[in-house]
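Its first residue numbered 5, the sequence shown is counted upward by one per residue in this note's numbering. Glycine included, C-beta positions come from ideal geometry on N, C-alpha and C.
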Amino acid sequence: MKAKEGVIDLLNKVLTADLTAINQYFVHAKMCDNWGYDRLHQKVRERSLDEMKDAEELIEHILYLEGVPNMQRLGTVNVGETVPEQLKLDLKSEQEMLRIVSEGVAHCTKVGDFTTRHMLEDMVKDVDKHIDWIETQLETIKQVGLENYLSEQIKKEGS
């Protein structure tokens, strides 16, 4: 199926943001693991894997639309040196992703590509969940203090 005007470029822009996020979250997860924050490591690693699934879906959809996925482009991977820095950088990344995907939804509506629009709308929901989780972590740090927050991250989920 041939893509409508601008859709391949749009999907490659989303793919670039996803590939960048995969790398950023992966390194943040590894840093948390190295620091002994098992709970936070698992959660951030899970987000990296979620982004990989999104990238896979985007690649498949680009190919379906007879386009070529651009795997060579990568945005700046911003690495935080502390947990709060990581969370703030990840929030910025998710907010940028929300902007790109929302623009994509509007574009797909304009050109009449409802399949791609539906896929992007699902991504918006996932991005909203990620933003909510990060904002909750930052608010928790603000309320209980960094040391108390980090002491809870040492435990594995469910411990």
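Please report the distance separating the alpha-carbon of residue i from that of residue j.
i: A110; j: R121; result: 8 Å
i: Y29; j: D126; result: 20 Å
i: W137; j: K114; result: 31 Å
i: A21; j: M101; result: 6 Å
i: E139; j: L14; result: 27 Å
i: Y143; j: M75; result: Inspection of the sequence shows that residue 143 is occupied by Glu rather than by Tyr. Roughly 35 Å separates the two Cα atoms.
i: E151; j: I145; result: 8 Å
i: Q99; j: G79; result: 14 Å
Shortest alpha-carbon distance to residue i belongs to which of the options?
i: R103; options: K114, F118, V87, K129; result: K129
i: E107; options: K17, Q90, Y153; result: K17
i: G71; options: L62, E143, L78, N152; result: L62
i: R51; options: A25, L78, I145; result: A25
i: K47; options: A33, N82, V148; result: A33
i: G10; options: T80, G116, V81; result: G116
Go ahead and label residue i buried or exposed: buried means 16 or more other beta carbons lie within 10 angstroms of its beta carbon, across all protein chains shown.
i: S97; result: buried
i: Q90; result: buried
i: I158; result: exposed
i: E55; result: buried
Please list, in chain order, all residues of the same chain as residue i whose beta carbon is under 6 Å from its beta carbon, the five residues on each side excluded.
i: L95; result: I138
Grab me the residues of residue i's own chain with a C-beta within less than 7 Å of its C-beta, minus the 5 sequence neighbours each way, in chain order.
i: K8; result: V115, G116, D117
Excluding sequence positions up to five away, which residues of its chain have a Cβ less than 8 Å from the Cβ of residue i?
i: E156; result: R43
Query - Contact between the region 34-45 and the region 59-68 (3+ Cβ pairs under 8 Å) - result: no
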